[in-house]
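So the sequence shown is numbered by this note's numbering: it starts at 117 and just counts up by one.
Where a beta carbon is used, it is the ideal one built from N, C-alpha and C, also for glycine.
Bear in mind that the values here come from a model prediction, so they are computed numbers and not experimental data.
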Amino acid sequence: MIGQQIHDLARLLWPMNRSLTGDGVRQTLSTIQALHLPGMTLHEVPTGTQAFDWVVPREWRVREAYLVTPSGERICDFSINNLHLLGYSIGVRQSMGLAELSGHLHSLPEQPEAIPYITSYYKERWGFCLSHRQRLALQDGVYQVVIDAELFDGHLSYGELLIPGTSRREVLLSTYVCHPSMANNELSGPTVTTFLAKWLLSLPERACSYRIVFIPETIGSIVYLSRHLAALQQDVIAGFNVTCVGDERAYSLLPSRLGDTLSDKVARHVLKWIDPGFRTHRWHERGSDERQYCAPGVGLPIASIMRSMYGSYPEYHTSLDDLVSVVTPAGLAGGYQVLRHALEAIERHCHPRATVLGEPQLGKRGLYPSISTRTSGAEALLMLDLLTWADGQHSLIDIADICEVPVWDLYPLLDTLRAHQLLAV
117 MIGQQIHDLA RLLWPMNRSL TGDGVRQTLS TIQALHLPGM TLHEVPTGTQ
167 AFDWVVPREW RVREAYLVTP SGERICDFSI NNLHLLGYSI GVRQSMGLAE
217 LSGHLHSLPE QPEAIPYITS YYKERWGFCL SHRQRLALQD GVYQVVIDAE
267 LFDGHLSYGE LLIPGTSRRE VLLSTYVCHP SMANNELSGP TVTTFLAKWL
317 LSLPERACSY RIVFIPETIG SIVYLSRHLA ALQQDVIAGF NVTCVGDERA
367 YSLLPSRLGD TLSDKVARHV LKWIDPGFRT HRWHERGSDE RQYCAPGVGL
417 PIASIMRSMY GSYPEYHTSL DDLVSVVTPA GLAGGYQVLR HALEAIERHC
467 HPRATVLGEP QLGKRGLYPS ISTRTSGAEA LLMLDLLTWA DGQHSLIDIA
517 DICEVPVWDL YPLLDTLRAH QLLAV
């Protein structure tokens with residue numbers, strides 16, 4: 117059910133032309149806000165704004181783009197597939213032969229049916245992307261190039277949702293909204309994050325506060341950090357960069373730069389129980405906003421829990437990264453559930469401490485079976501194991517690892533022992 121709901125949102129957002137800036141980003145953010153997260157605020161940062169070593173670029177707007185072949189056929193039509201236009205292409209209207217045009221065409225010989233995703237954000241150029249099969253079929257002659265696009269002083273847009281908890285301890289969830297029609301590498305992140313936010317909002321109370329941002333990748337996280345760094349460094353105890361969480365092939369982890377944060381510990385524990393064969397990637401394989409959040413001088417505890425990691429699956433950054441063969445409701449449900457488990461583990465993170473000396477008598481409290489069989493004492497034994505490690509030094513995750521159980525098996529036992537005043541946290 118949850119996977120289908122996430123998939124339905126992804127299908128709705130699919131045709132919007134997202135990039136670093138522009139109306140496609142605004143449309144994506146306002147759609148999420150209107151349908152699911154009315155409390156999210158939308159922010160506009162002007163072109164030219166300094167953000168650390170970067171400057172907010174000009175805004176990009178496209179009205180139409182296509183090629184007309186010598187026979188009069190319209191091809192590489194942006195209105196049919198927005199991957200056909202090289203991202204941030206400047207406006208062009210001219211005629212040229214195939215030899216000259218070829219210098220502006222991009223295809224993938226090794227994937228002849230795929231339209232590649234290509235951008236040129238910081239150097240002005242233009243181009244079209246097409247399948248290699250289509251490129252090989254192009255005939256000599258004069259082509260008409262039409263790109264009705266402009267770069268202008270405008271704004272960079274991002275969305276922010278702040279969900280208060282009972283403490284100032286914050287968890288940061290960051291996802292990006294800057295790629296056009298691709299499923300795992302783009303839409304799985306913001307759609308899963310949307311439904312995680314809805315779940316968090318549904319809780320009667322939260323131990324942590326949550327800061328959830330929908331941003332363009334790289335420049336968006338740099339802009340956000342430049343505006344909020346001091347507060348983030350003071351309050352954020354954990355967080356995740358949410359991307360590539362929609363396929364059914366794998367689970368994977370990209371740890372934080374230092375690899376020893378609460379986020380890393382929780383992620384490894386949860387993934388071990390969800391998929392014992394999950395893959396841990398190394399920091400030098402990084403490629404998304406974890407680069408900014410974990411950078412020296414920033415040092416936030418941000419990791420990435422993913423399904424198939426960006427760059428590791430064959431459809432990455434092509435038109436083959438779709439909502440049919442790659443991203444599925446079941447895949448999205450799995451990505452949602454593993455991140456929800458991780459957030460629950462952060463919510464429940466504590467260092468429990470036994471309040472009685474010696475082993476408490478569980479029987480008089482109705483917590484120990486009155487008839488002993490081979491199986492009747494299993495839960496009671498786990499309860500006693502929880503108590504024996506509840507020395508205020510071991511975290512709940514530590515205890516779960518020692519007891520070789522998923523941490524969520526300990527939640528009801530912790531609650532029961534607290535209710536009987538046998539544990540404090």
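**Request:** Would you kindly report the start and end of the unbroken beta strand (DSSP E) that includes arginine 265?
**Result:** Locating residue 265 in the sequence shown gives position 149, counting from the first residue. Contrary to the premise, residue 265 reads as alanine rather than arginine in this sequence. Start and end: 258-268.
**Residue range of the alpha helix (DSSP H) that includes valine 386** = Within the sequence shown, the letter at position 270 stands for residue 386. 378-390 is the span of the alpha helix (DSSP H), which, as asked, contains valine 386.
**Request:** Using the Cα positions of serine 348 and alanine 215, report the straight-line distance between them to the nearest angstrom.
**Result:** By one-based count along the sequence shown, residue 348 stands at place 232. By one-based count along the sequence shown, residue 215 stands at place 99. Residue 348 is actually leucine in this sequence, not serine. The alpha-carbon atoms of leucine 348 and alanine 215 are separated by roughly 52 Å.
**Message:** Given a cut-off of 7 Å on the beta-carbon distance, is the pair tryptophan 315 and proline 522 in contact?
**Reply:** Counting from one through the sequence shown, the residue named residue 315 turns up at place 199. Counting from one through the sequence shown, the residue named residue 522 turns up at place 406. The answer is no: Cβ separation not under 7 Å.
**Request:** List the residues that DSSP assigns as beta-bridge partners of glycine 213.
**Result:** In the sequence shown, the residue the question calls residue 213 occupies position 97. Partner(s): Val258.
**The beta strand (DSSP E) enclosing glycine 508, as first and last residue numbers** = Position 392 of the sequence shown, counted from the start, is the residue given in the question as residue 508. From DSSP, glycine 508 is part of no beta strand (DSSP E); its letter is neither H nor E.
**Request:** Entirely within the stretch 290-371 and at least 3 residues each: give me those beta strand (DSSP E) ranges in chain order.
**Result:** 325-331, 352-357, 368-370
**Request:** Please classify histidine 152: does DSSP put it in a helix, a strand, or coil?
**Result:** Locating residue 152 in the sequence shown gives position 36, where the first residue counts as 1. If DSSP states are grouped into helix, strand and coil, histidine 152 belongs with coil.
**Prompt:** CB serine 372 to CB valine 329, shorter than 7 Å?
**Reply:** Numbered from 1 along the sequence shown, position 256 holds the residue referred to as residue 372. Numbered from 1 along the sequence shown, position 213 holds the residue referred to as residue 329. No, they are not a contact pair.
**Asked** In angstroms, rounded to a whole number, what distance separates the CA positions of glutamate 229 and threonine 185?
**Response** Translated into positions along the sequence shown, residue 229 becomes position 113. Translated into positions along the sequence shown, residue 185 becomes position 69. Cα to Cα, glutamate 229 sits roughly 20 Å from threonine 185.
**Item:** The alpha helix (DSSP H) enclosing threonine 532, as first and last residue numbers
**Value:** Within the sequence shown, numbered from 1, the residue matching residue 532 stands at position 416. Counting along the chain, the alpha helix (DSSP H) containing threonine 532 begins and ends at 527-535.
**Prompt:** Does at least one heavy atom of the ligand FMN sit under 6 Å from the Cβ of glutamate 302?
**Reply:** The ligand FMN is absent from the structure shown, which contains no ligands of any kind.
**Request:** Kindly confirm or deny that the stretch 349-358 and the stretch 414-426 touch, where touching means at least three C-beta pairs closer than 8 Å.
**Result:** yes
**Request:** For arginine 127, name the three-state secondary structure that DSSP assigns.
**Result:** One-based indexing of the sequence shown puts residue 127 at position 11. Looking at arginine 127 - three-state DSSP - the assignment turns out to be helix.
**Message:** Rounded to whole angstroms, what is the Cα-Cα separation between histidine 385 and arginine 464?
**Reply:** As a working note, residue 385 is residue 269 in the sequence shown. As a working note, residue 464 is residue 348 in the sequence shown. Their backbone Cα atoms lie some 14 Å apart in a straight line.
**Request:** Have a look at glycine 138 and threonine 359 and give me their C-alpha separation to the nearest angstrom.
**Result:** As a working mapping, residue 138 is identified with position 22 in the sequence shown. As a working mapping, residue 359 is identified with position 243 in the sequence shown. Cα to Cα, glycine 138 sits roughly 21 Å from threonine 359.
**Which residues DSSP lists as bridging phenylalanine 244, in chain order** = For the purposes of this step, residue 244 is taken as residue 128 along the sequence shown, with counting starting at 1. Note: phenylalanine 244 sits in a beta bridge opposite Leu201, Leu221.
**Asked** Does DSSP put threonine 185 in a helix, a strand or coil?
**Response** Numbered from 1 along the sequence shown, position 69 holds the residue referred to as residue 185. Coil at threonine 185, not helix or strand.
**Request:** Give the straight-line distance between the Cα atoms of serine 441 and tyrosine 204, rounded to the nearest whole angstrom.
**Result:** As a first step, residue 441 is located in the sequence shown; it is residue number 325 there, counting from the start. As a first step, residue 204 is located in the sequence shown; it is residue number 88 there, counting from the start. When rounded, the distance between both Cα atoms is 28 Å.
**Request:** Name the two residues that bound the continuous alpha helix (DSSP H) containing leucine 455.
**Result:** Working through the sequence shown from its first residue, we reach residue 455 at position 339. From DSSP, the alpha helix (DSSP H) with leucine 455 extends over 445-463.
**Asked** Is the beta carbon of alanine 470 sitting closer than 7 Å to the one on alanine 506?
**Response** Numbered from its first residue, the sequence shown carries residue 470 at position 354. Numbered from its first residue, the sequence shown carries residue 506 at position 390. Taking 7 Å as the Cβ cut-off, alanine 470 and alanine 506 qualify as a contacting pair.
**Message:** Here's the rule I'm using: 16 or more other beta-carbon atoms within 10 Å means buried, otherwise exposed. How should histidine 200 be labelled?
**Reply:** Position 84 of the sequence shown, counting from 1, holds the residue named residue 200. Buried is the call here.
**Asked** Between aspartate 269 and the rest of its own chain, which residues show a CB-CB distance below 8 Å, the 5 nearest in sequence each way excluded?
**Response** For the purposes of this step, residue 269 is taken as the residue at position 153 of the sequence shown. Hits under 8 Å: Pro162, Thr163, Gly164, Arg174, Glu175.
**Asked** Excluding five sequence neighbours on each side, which residues of the same chain lie with their C-beta closer than 7 Å to the C-beta of arginine 317?
**Response** Walking along the sequence shown from the start, residue 317 turns up at place 201. Strictly speaking, residue 317 in this sequence is leucine, with arginine absent from that position. If we look at leucine 317 and ignore the five residues flanking it on each side, its Cβ neighbours are Ile279.
**proline 445 versus methionine 422: straight-line alpha-carbon distance, rounded** = Here residue 445 refers to the residue found at position 329 of the sequence shown. Here residue 422 refers to the residue found at position 306 of the sequence shown. Going by the C-alpha atoms only, they are around 15 Å apart.
**Asked** Which residue's Cα is closest to the Cα of leucine 136: Tyr326, Ile196, Thr235?
**Response** Mapped onto the sequence shown, residue 136 falls at position 20. Nearest C-alpha to leucine 136: Thr235.
**Asked** Mapping DSSP to helix, strand and coil, what is isoleucine 518?
**Response** The sequence position of residue 518 within the sequence shown is 402, counting from 1. Here isoleucine 518 sits in helix by DSSP.
**Outcome for glycine 450 when other beta-carbon atoms lying within 10 angstroms are tallied against a minimum of 16** = The sequence position of residue 450 within the sequence shown is 334, counting from 1. Looking at its Cβ environment, which holds 16 or more other Cβ atoms inside 10 Å, glycine 450 is buried.
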